[in-house]
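Okay, so here's the structure we're looking at.
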Amino acid sequence: MRDLCSTHRTEAVNRARPILKWAGGKRQIISDLVWSVPENFNTYYEPFFGGGALFIELSNRGLLRKSVISDINGDLMDLYRMVRDRPDDLANALSSLRFRNSKDDYYVAREQYNSMKRESCPEKYALLIYLNRHGYNGLYRVNSRGDFNVPFGRYENPSLPMASDIYALSDVLKKAQILNADYREAVKTASRHDFVYFDPPYMPINGSSNFTSYSPSGFSEDDQRDLFHTFLDLSEREVFVMESNSGTPFIEDMYSGFNMFRVKARRNINSVANLRGPIDEIIIRNYD
Numbered sequence: 053m054r055d056l057c058s059t060h061r062t063e064a065v066n067r068a069r070p071i072l073k074w075a076g077g078k079r080q081i082i083s084d085l086v087w088s089v090p091e092n093f094n095t096y097y098e099p100f101f102g103g104g105a106l107f108i109e110l111s112n113r114g115l116l117r118k119s120v121i122s123d124i125n126g127d128l129m130d131l132y133r134m135v136r137d138r139p140d141d142l143a144n145a146l147s148s149l150r151f152r153n154s155k156d157d158y159y160v161a162r163e164q165y166n167s168m169k170r171e172s173c174p175e176k177y178a179l180l181i182y183l184n185r186h187g188y189n190g191l192y193r194v195n196s197r198g199d200f201n202v203p204f205g206r207y208e209n210p211s212l213p214m215a216s217d218i219y220a221l222s223d224v225l226k227k228a229q230i231l232n233a234d235y236r237e238a239v240k241t242a243s244r245h246d247f248v249y250f251d252p253p254y255m256p257i258n259g260s261s262n263f264t265s266y267s268p269s270g271f272s273e274d275d276q277r278d279l280f281h282t283f284l285d286l287s288e289r290e291v292f293v294m295e296s297n298s299g300t301p302f303i304e305d306m307y308s309g310f311n312m313f314r315v316k317a318r319r320n321i322n323s324v325a326n327l328r329g330p331i332d333e334i335i336i337r338n339y340d
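Reminder that position 254 of the sequence shown reads as 306 in our numbering, one-by-one numbering, no gaps.
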C-alpha cells in the first residue's frame, strides 16, 4: 500500500484534473484509493473509466508507466481521444460555445448534440462537456434510440474546463491506450503484477438508489456476479485487483474471501432527496 506523504507531488499549474462531473466519481475517496494501490505494479488497467479520477491522480503522482483505460461508452472514450490527440481544437470549440446556464439553452444544446451522433468532431465533444457540466448530477444516459436524455441540472454557477485543463489532461492521456470495450475484453491482456482497478456501476443500496447504468441494458445482479468471476480469474493470473462498490450484503458476501474495508462517500443520485447523503462504500483487494 502507498505512503501518501512520500508519493505526493507538489501542486503545479499543469496538474491534471477530471474535466467531467461523473456520477459515482471517486474524487471524494481518492486518498483512500491511492493509499490502497499496490506498492509496485506494471501496466495499469481501468476498464470502467468514467471521469478517470484515480488514473489522473496516479498520473499526477508519477506512478503510472503504462496504462490501458476503457469504458463501454463510446462517446466518452472518443472524447478522451479528442482531448489526447486534438487538445487545441477541443479547447477552441469549448471557448466558442455560446450556451448559457439556462434550461432553454441546455435543451437546444442537447438537441444539437443528438443530431451529431454519427459525427466525430471537436464541436460535438465540446457540447458533451457542456451537457455534462450542466446536466443532472453528472449522469450519462441514453434512450432506446441512443439519444442523450439527461435533464437540466439547475446548478447556480456551473463552469466549463479551461484550456489549461484540456492541455494538462491531454499530457497524461498521451501515455495511455484508450479503448471502447466491455470490461472483460479490456483486461484480457492483463498479466502477472499488472494492476486492474474496477469501478463498476454500484449495486443499489435500496430501491430508490437506482444508478446502475453501464449500458442501455443496465448492470444487474448477474452482471455483478460476472464481474466477480473476472476478479477471480485475474487473481488466478496473479494480477493485482482492486474494486470499489457499495457496501451491501450481496457484495460483501460475494467477496468475503478478499481484503475489504469501508469508506464513507456522499452520493446525490438517489431519487428520494432525503435519502441522499453519506453512504458506505467498500474497497476490495486481492492483496494486502
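For glycine and all other residues, C-beta sits at the position ideal for the given N, C-alpha and C.
Rounded to whole angstroms, what's the CA-CA distance from ARG337 to ARG150? Just pull it up for me.
-> Each residue's Cα considered, the two are about 46 angstroms apart.
ILE230 (DSSP reduced to helix, strand or coil) = It is a strand residue.
Contact between the stretch 69–81 and the stretch 246–254 (3+ Cβ pairs under 8 angstroms) = Yes, since at least three Cβ pairs between the stretch 69–81 and the stretch 246–254 fall closer than 8 angstroms, the two stretches touch.
Exposed or buried, what is ASN297 when buried is set at 16 or more other beta-carbons lying within 10 Å of its beta-carbon?
-> Classification of ASN297: buried, given that the 10 Å Cβ count is 16 or more.
Identity of the residues DSSP links to VAL194 by a beta bridge | Under DSSP, VAL194 shares a beta bridge with PHE200.
For ASP332, three-class secondary structure by DSSP | Residue state, collapsed to three classes: strand.
From which residue to which residue does the beta strand (DSSP E) around VAL293 run?
-> Note, VAL293: beta strand (DSSP E), 292–298.
ASN184: buried (16+ other C-beta within 10 angstroms of its C-beta) or exposed?
-> By the 16-neighbour rule on beta-carbons within 10 angstroms, ASN184 is buried.
How big is the Cα-Cα spacing for SER265 and ASN92?
-> Confidence at SER265 is low in this model, with a pLDDT of 49, below 50, so the placement of that residue is unreliable and no value is reported for it.
Residue(s) in a DSSP beta bridge with ILE81 = Bridge partners of ILE81: none, in fact.
For GLY187, which beta-bridge partners are listed by DSSP?
-> Per DSSP, the beta bridge partners of GLY187 are PHE204.
Sheet register partners of VAL315 (DSSP bridge) = BP columns for VAL315 point to GLU333.
Report the partner residues of TYR97 according to the DSSP bridge assignment.
-> BP columns for TYR97 point to VAL120, VAL248.
Close Cβ partners of PRO174 (< 6 angstroms) along its chain, the five nearest in sequence each way excluded = Short of 6 angstroms from the beta carbon of PRO174, and not among the five residues preceding or following it, lie these beta carbons of its own chain, in chain order: ASP141, LEU142, ALA145.
The alpha helix (DSSP H) spanning TYR235 covers which residue range?
-> 235–238 is the span of the alpha helix (DSSP H), which, as asked, contains TYR235.
Under 7 angstroms Cβ to Cβ from ASP84, same chain only, skipping five residues before and after it: list those, please.
-> Exclusion of the five residues before and after ASP84 leaves VAL315, ILE335 as the residues of its chain whose Cβ lies within less than 7 angstroms of its Cβ.
For THR241, three-class secondary structure by DSSP = Coil at THR241, not helix or strand.
Give a yes or no on whether the C-beta atoms belonging to PRO210 and TYR188 are separated by under 7 angstroms.
-> In this structure, TYR188 does not lie closer than 7 angstroms to PRO210 by Cβ.
Which of the three DSSP states, helix, strand or coil, is assigned to ARG67?
-> Here DSSP, grouped into helix, strand and coil, assigns ARG67 to coil.
Answer with yes or no whether the minimum CB distance from TYR177 to chain E is below 7 angstroms.
-> Reference to chain E is not applicable here, since this structure consists of a single protein chain.
Once you ignore the five residues that flank LEU231 on each side, which residues in its own chain have a CB closer than 6 angstroms to its CB?
-> Answer for LEU231: SER122, ALA238, listed in chain order.
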